[in-house]
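**Q** Numbering (my numbering), first residue to last: 754 to 1224. Even for Gly, the Cβ is constructed at its ideal location relative to N, Cα and C. Owing to the predicted nature of the structure, the values given are computational and were not obtained by experimental measurement. Structure incoming, see below.
Structure (structure tokens):
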């Protein structure tokens, strides 16, 4: 799909009706609503209907906007409906009042409506200046990358093996056991630094190959090393999605060039595949034993563990109603995530962990969705402001990519757009402190390696030209 084909007043195809109708039929068959539950289910169907309508109104091949609506359908409506039907919520049962559930759904609808209004306005009023095609990297830099990139990949992989042990390369449970031995600062710098480096090498190799500046053998060498050291079952699901989806989008696979194909694929993955992948958290015989009961694994992931974004919003609303907001303290921790706790002992922890510690619910490695992050800091106003900020960022980045960028343009902003597609899922689910830190870590590595390989030659040329003029 060409950059000029995207519009913001496109009518939605009738496919958007399938999701809310399926949700309504499932509720009628499996649930027995009573009292306020009718209003809870009705508002959740409204969330699905509105999100599906706006998702299928987006005619781009892929976009951050589509990620927003897919997340809303899965994490804020479809899976919460199953949890309400089962009369339970992730990590704790019976602590969320039905009235809170209804208020949370109303806040979600308000946030989605505000987001879409601001996004449409920002998209229609953003007209990026026309820019010439970015110059392709010179043959010298391309040859240097072809030689050095495999060495970098091997060095990163060797470091992972030393710290994570060989088993940590293939199973998430073993990886997390090794990483938990180190503090969070080391985890961020080591794991995300190395993986950000390897992801940059893979995406750069793909783009250079498309520009006919990298041999096929070098491309395959880099990609094989990337798969070996970033095995899907060894990484958290958001990272697996980011790594492999960004590579597929950068490669311009024909399957993803038509509208809605990526959206339908991601919906199927989130609904059907992701719950089963939770077994990778475990290691050895424990994982093998769980794999013998896939139905139990699926049910546990949907009802009790993985889809906790909506329940986090409900709990935040109840907590702040009793204790008040943090008045921006949690947001301060996000902005200063890079400050070590040894320097700042009272540094805030992630909002999900903070909430569960305050509620004395034990396990605290839980989500805190974007609306909940705004709410725990500043109440309803904070949630709506977060929705507005997300709308502005998504509208500008999407508009730049589809109106100004070109298919094989080699630039830092274009490369990182592919990464942002995957990382946005994590940022929307939360908590914001971890997701923002990891995204910033990837961005730092992309900037560093882009500067090392492809920004130094223009500076040298500019310095030489200035010196010649002075003479």
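Measuring CB to CB, does residue 779 end up less than 9 Å from residue 924?
**A** Position 26 of the chain shown, counting from 1, holds the residue named residue 779. Position 171 of the chain shown, counting from 1, holds the residue named residue 924. Going by C-beta atoms, residue 779 is not nearer than 9 Å to residue 924.
**Q** Which two residues bound the contiguous alpha helix (DSSP H) that contains residue 1005?
**A** In the chain shown, the residue the question calls residue 1005 occupies position 252. Neither: residue 1005 is in no alpha helix (DSSP H) and is coded neither H nor E.
**Q** Would you identify the three-state DSSP class for residue 846, choosing helix, strand or coil?
**A** As a working mapping, residue 846 is identified with position 93 in the chain shown. Three-state result, residue 846: coil.
**Q** When the Cα atoms are used, what is the spatial distance from residue 807 to residue 801?
**A** Residue 807 sits at position 54 when you count from the first residue of the chain shown. Residue 801 sits at position 48 when you count from the first residue of the chain shown. If you take the alpha carbons of residue 807 and residue 801, they lie about 10 Å apart.
**Q** Quick one: any contact between the stretch 1141–1150 and the stretch 871–880, if contact means 3 or more CB pairs under 8 Å?
**A** Cβ pair count under 8 Å is three or more, so yes.
**Q** Report the residue ranges of all alpha helix (DSSP H) runs contained in full by the stretch 1055–1106; include only those spanning at least 4 residues, in chain order.
**A** Correct list: 1062–1076, 1082–1088.
**Q** Please report how far the alpha carbon of residue 1219 lies from the alpha carbon of residue 901, in whole angstroms.
**A** The count along the chain shown starts at 1 and reaches residue 1219 at position 466. The count along the chain shown starts at 1 and reaches residue 901 at position 148. Unreliable positioning characterises residue 1219 in this predicted model, as indicated by a pLDDT of 41, which lies under 50. The coordinate reading is nonetheless provided below. Computed Cα separation, rounded: 30 Å.
**Q** For residue 828, which of 1060, 1084, 1125, 1201 has the nearest alpha-carbon?
**A** Within the chain shown, numbered from 1, the residue matching residue 828 stands at position 75. Per the Cα distances, 1060.
**Q** Considering just the uninterrupted stretch of the alpha helix (DSSP H) at residue 921, what are its terminal residues?
**A** As a first step, residue 921 is located in the chain shown; it is residue number 168 there, counting from the start. Careful: residue 921 lies outside any alpha helix (DSSP H) and carries neither H nor E.
**Q** What residue from 912, 949, 1031 has the CA that sits closest to residue 1044's CA?
**A** Within the chain shown, numbered from 1, the residue matching residue 1044 stands at position 291. Looking at the Cα atoms, 1031 is the closest of the given residues.
**Q** Span of the alpha helix (DSSP H) holding residue 1046?
**A** Taking the chain shown and counting its residues from 1, the one referred to as residue 1046 is at position 293. Looking at the DSSP string, residue 1046 is not in any alpha helix (DSSP H), and its letter there is neither H nor E.
**Q** Which value, in whole angstroms, describes the spacing of the CA atoms of residue 1006 and residue 1207?
**A** Residue numbering aside, residue 1006 sits at position 253 when the chain shown is read from its first letter. Residue numbering aside, residue 1207 sits at position 454 when the chain shown is read from its first letter. Taking the straight line from one Cα to the other gives about 25 Å.
**Q** I'd like the span of the alpha helix (DSSP H) that includes residue 776, first residue to last.
**A** Within the chain shown, numbered from 1, the residue matching residue 776 stands at position 23. Where residue 776 is concerned, the enclosing alpha helix (DSSP H) stretches over 771–783.
**Q** Kindly indicate which residue of 792, 1104, 1200 has the alpha-carbon position closest to the one of residue 777.
**A** The residue you call residue 777 lines up with position 24 of the chain shown. Of the candidates 792, 1104, 1200, the one whose C-alpha sits nearest the C-alpha of residue 777 is 792.
**Q** Please name the residue, chosen from 1154, 1143, 1153, that lies closest to residue 1178 on a Cα-to-Cα basis.
**A** Sequence index remark: in the chain shown, residue 1178 carries index 425 (1-based). Checked all of 1154, 1143, 1153; the closest Cα to residue 1178 is 1143.
**Q** Among residues of its own chain, excluding the 5 on either side of residue 974, which ones have a beta-carbon nearer than 6 Å to its beta-carbon?
**A** For the purposes of this step, residue 974 is identified with residue 221 of the chain shown, where counting begins at 1. Within the same chain, residue 974 has close Cβ partners 903.
**Q** Residue 1205: buried (16+ other C-beta within 10 angstroms of its C-beta) or exposed?
**A** Within the chain shown, numbered from 1, the residue matching residue 1205 stands at position 452. Per the 10 Å Cβ criterion, exposed.
**Q** Grouping DSSP H, G and I as helix and E and B as strand, with all else coil, what is residue 1189?
**A** Sequence index remark: in the chain shown, residue 1189 carries index 436 (1-based). Residue 1189 falls in the helix class under three-state DSSP.
**Q** I need the DSSP call for residue 768, collapsed to helix, strand or coil.
**A** Position 15 of the chain shown, counted from the first residue, corresponds to residue 768. Three-state DSSP puts residue 768 in a helix.
**Q** Do you know how far the Cα of residue 964 is from the Cα of residue 958?
**A** For the purposes of this step, residue 958 is taken as the residue at position 205 of the chain shown. For the purposes of this step, residue 964 is taken as the residue at position 211 of the chain shown. The alpha-carbon atoms of residue 958 and residue 964 are separated by roughly 10 Å.
**Q** So, is residue 1212 buried or exposed, given that buried needs 16 or more other C-beta atoms within 10 angstroms?
**A** On the chain shown, position 459 is the one that residue 1212 refers to. For residue 1212, the predicted model reports a pLDDT of 46, less than 50, meaning its position is unreliable and no value from the coordinates is stated.
**Q** Taking the alpha-carbon of residue 1131 as reference, which of 1089, 1081, 1100 has the nearest alpha-carbon?
**A** If you number the chain shown from 1, residue 1131 lands on position 378. Closest option to residue 1131, Cα to Cα, is 1081.
**Q** Determine whether the beta carbon atoms of residue 1019 and residue 820 lie at a separation below 9 Å.
**A** Locating residue 1019 in the chain shown gives position 266, where the first residue counts as 1. Locating residue 820 in the chain shown gives position 67, where the first residue counts as 1. For residue 1019 and residue 820, yes; Cβs fall inside 9 Å.
**Q** Comparing alpha-carbon positions, which option in 879, 951, 1174, 1064 lies nearest residue 913?
**A** As a working note, residue 913 is residue 160 in the chain shown. Closest option to residue 913, Cα to Cα, is 951.
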